[in-house]
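**Student:** Numbered per this note's numbering, the sequence shown spans residues 1281 to 1684. Have a look at this one before I ask anything.
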Amino acid sequence: MISVEEALERILAQITPLPVTSVPLPQALGLVLAEDVITQEDIPPFANSAMDGFALLSKDSQPRDGQPPRLRITGEVAAGYVADHAVEEGTTMRIMTGAPVPPGADTVIQVELTRSENPEWVEIQQAVPPGNNIRPAGEDMRRGQKILSRGSEIGPWEIGVLATLGWATVPVIQRPRVAILSTGDEVIDVSEPLSPGKIRNSNGYLLEAAAQRAGAEPHRLGIARDTIESLREKFSEAVTHDLIITSGGVSVGDFDLVKDIMREQGEINFWRINMRPGKPVAFGQIGGVPLLGLPGNPVSAAVTFELFARPVIRKMMGHTRLLRPQVEVVVEDGVSDVAMRRHYVRARVEWHDGRFIAHTTGNQGSHITTSLLNANALVIVPEGGVEVHPGDTAKAIMLDWPEV
Ligand code: AMP
Ligand code: MG
């Protein structure tokens, strides 16, 4: 039985980022950029006004004989248009925010600092220096400048910058296509009526959703029976994916046949981890496709997905930050049952009076799916029979914080 750290290290050693593809800009959200973005243009592309006001020559804004100067208005420039004539000494043009500064003008005064009683004349009530309210071309991005680096994650703000630069399609690392396979003669689909001895396939749906949230493109392949033939058939479809995630059938029972298929068609790297929930986790490959065999118990499947499958998916997507952050928490209610294995206790962690306080979510049995509800963290109780008394501190993995 290996430690959680060794398991993760062995798994990630086998995973490499997927090839590059090109996607329409809106689909790049959450993906990893595969090329540096170097701007071929100045942004803004032209000097423009930061205010609604008047474009003029700075020297024309100086008071004359102690009186505010009056300038003749020769026209108007709206955003999206260019002036059809220049601003000359003693004249001005109305200008709107974002409109190109007309030739001749070297400054803009905001409308609030002017007074205009008719459309032909405006009084300039304050002297303004050259460049006032003008956003020069290239102030934001300079032609030839590297704006985004290969390997960065594309969020909404990066999408905005890519749109600014005209990247209608974006080179990114592919999303992994993940096969999700449930196993077990007792397992039936969610739409089928329950009959004696049967349970519904909660894992298939849970893992599909978790894989999608991790950034993968999940493909739920349904349920394999506990026979070699049924597993062979399902695995022949699963191997066309980038990653295979199974649930159930990796323990030591007579019908736990997933490891047998791995031996037959690929190899097993390990199949037990010193943790709970989720001791029976198998890792290896089939037909060169990495396979994570998660336990059948739903809580174990959920927790081991977070600890092992999510980092795998992220590494395949080209992310370098793979693991959720850990914080120190005060475990308000303690953890009474003592296990020799490392225990990941589902908990709700909240910031209270300057500390993170963890409340565990009740019965921690690996079949108690309601212990997942409302949990946003896994409190780590170290291996070796460590006890956590009420008020003790412990580390917790924050499941709703982004990776660090
Ligand atoms: P196994 O690892 O196959 O021995 O399964 C362990 C436990 O998880 C058993 O109680 C199974 O009935 C249950 N289980 C297995 N697969 C699923 C599934 N897809 N959805 C819900 N429970 C499952
Ligand atoms: Mg089973």
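C-beta atoms are modelled at their ideal positions from N, C-alpha and C, and glycine is treated no differently. Quantities reported herein were computed from a predicted structural model and do not represent experimental measurements.
#1: With P1591 as the anchor, note down where its alpha helix (DSSP H) starts and where it stops.
#2: Can you confirm whether the segment 1584-1597 touches the segment 1434-1447 when touching is taken to mean that 3 or more C-beta pairs between the two stretches lie within less than 8 angstroms?
#3: Can you tell me the Cα-Cα spacing of L1501 and M1678, whole angstroms?
#4: With 16 as the cutoff for other CB atoms within 10 Å, does D1536 come out buried or exposed?
#5: Mind checking whether the beta-carbon of G1440 lies closer than 6 angstroms to any heavy atom of the ligand MG?
#6: Would you list the one or two residues that DSSP bridges to I1478?
#7: Please state if the CB of V1458 and the CB of A1504 are separated by a distance shorter than 7 angstroms.
#8: Taking the alpha-carbon positions, what's the F1515 to I1468 distance?
#9: In the DSSP assignment, find the unbroken alpha helix (DSSP H) run with E1547 in it and report its ends.
#10: Less than 7 angstroms between the C-beta atoms of V1381 and I1353, yes or no?
#11: So, for L1487: in the same chain, excluding its five sequence neighbours on each side, which residues have a beta-carbon less than 7 angstroms away from its beta-carbon?
#12: Mapping the DSSP letters down to three states, classify L1537 as helix, strand or coil.
#13: With a Cβ-Cβ cutoff of 7 angstroms, do F1563 and L1574 count as a contact?
#14: Considering Cα atoms alone, identify which of D1633, Q1644, P1557, H1632 is closest to G1614.
#15: Taking the alpha carbon of A1366 as the point to measure from, which residue in A1385, A1417, W1437 has its own alpha carbon closest?
#16: Within 7 angstroms of any Cβ in chain D, is that where the Cβ of H1623 sits?
#17: What residue from I1404, S1475, L1292 has the CA that sits closest to G1370's CA?
#18: Is G1424 a contact residue of the ligand MG, with contact defined as CB to any heavy atom under 6 angstroms?
**Tutor:** The structure says:
#1: Locating residue 1591 in the sequence shown gives position 311, counting from the first residue. Note, P1591: alpha helix (DSSP H), 1590-1596.
#2: no
#3: Walking along the sequence shown from the start, residue 1501 turns up at place 221. Walking along the sequence shown from the start, residue 1678 turns up at place 398. Distance between the alpha carbons of L1501 and M1678 is about 30 angstroms.
#4: Translated into the one-based positions of the sequence shown, residue 1536 becomes position 256. The residue in question, D1536, is buried, as its Cβ has 16 or more Cβ neighbours within 10 Å.
#5: Locating residue 1440 in the sequence shown gives position 160, where the first residue counts as 1. Result no, Cβ not under 6 angstroms from the ligand MG.
#6: In the sequence shown, the residue the question calls residue 1478 occupies position 198. Contrary to the premise, residue 1478 reads as Lys rather than Ile in this sequence. In DSSP, K1478 forms no bridge with anything.
#7: Indexing the sequence shown from 1 puts residue 1504 at position 224. Indexing the sequence shown from 1 puts residue 1458 at position 178. Against a cut-off of 7 angstroms, the Cβ pair of V1458 and A1504 comes out as no contact.
#8: Taking the first residue of the sequence shown as 1, we reach residue 1515 at position 235. Taking the first residue of the sequence shown as 1, we reach residue 1468 at position 188. One C-alpha to the other measures close to 19 angstroms.
#9: Locating residue 1547 in the sequence shown gives position 267, where the first residue counts as 1. Element bounds for E1547: not the alpha helix (DSSP H) but the beta strand (DSSP E), 1546-1550.
#10: One-based indexing of the sequence shown puts residue 1381 at position 101. One-based indexing of the sequence shown puts residue 1353 at position 73. No, Cβ-Cβ distance for V1381 and I1353 is not below 7 angstroms.
#11: The residue given as residue 1487 occupies position 207 in the sequence shown. Here the set comprises I1460, I1525, S1527, A1581, F1585.
#12: Reading the sequence shown from its first residue, position 257 is the one you call residue 1537. Reduced to three states, the DSSP call for L1537 is coil.
#13: In the sequence shown, residue 1563 corresponds to position 283, counting from 1. In the sequence shown, residue 1574 corresponds to position 294, counting from 1. Not closer than 7 angstroms, so no.
#14: Taking the sequence shown and counting its residues from 1, the one referred to as residue 1614 is at position 334. The shortest Cα separation from G1614 among D1633, Q1644, P1557, H1632 belongs to Q1644.
#15: On the sequence shown, residue 1366 is found 86 positions in, with the first residue counted as 1. Ranking A1385, A1417, W1437 by Cα distance to A1366 puts A1385 first.
#16: No chain D appears in this structure, which consists of one protein chain only.
#17: Mapped onto the sequence shown, residue 1370 falls at position 90. Of the candidates I1404, S1475, L1292, the one whose C-alpha sits nearest the C-alpha of G1370 is I1404.
#18: Stepping through the sequence shown from its first residue, residue 1424 is reached at position 144. Incorrect: G1424 has no Cβ contact closer than 6 angstroms to the ligand MG.
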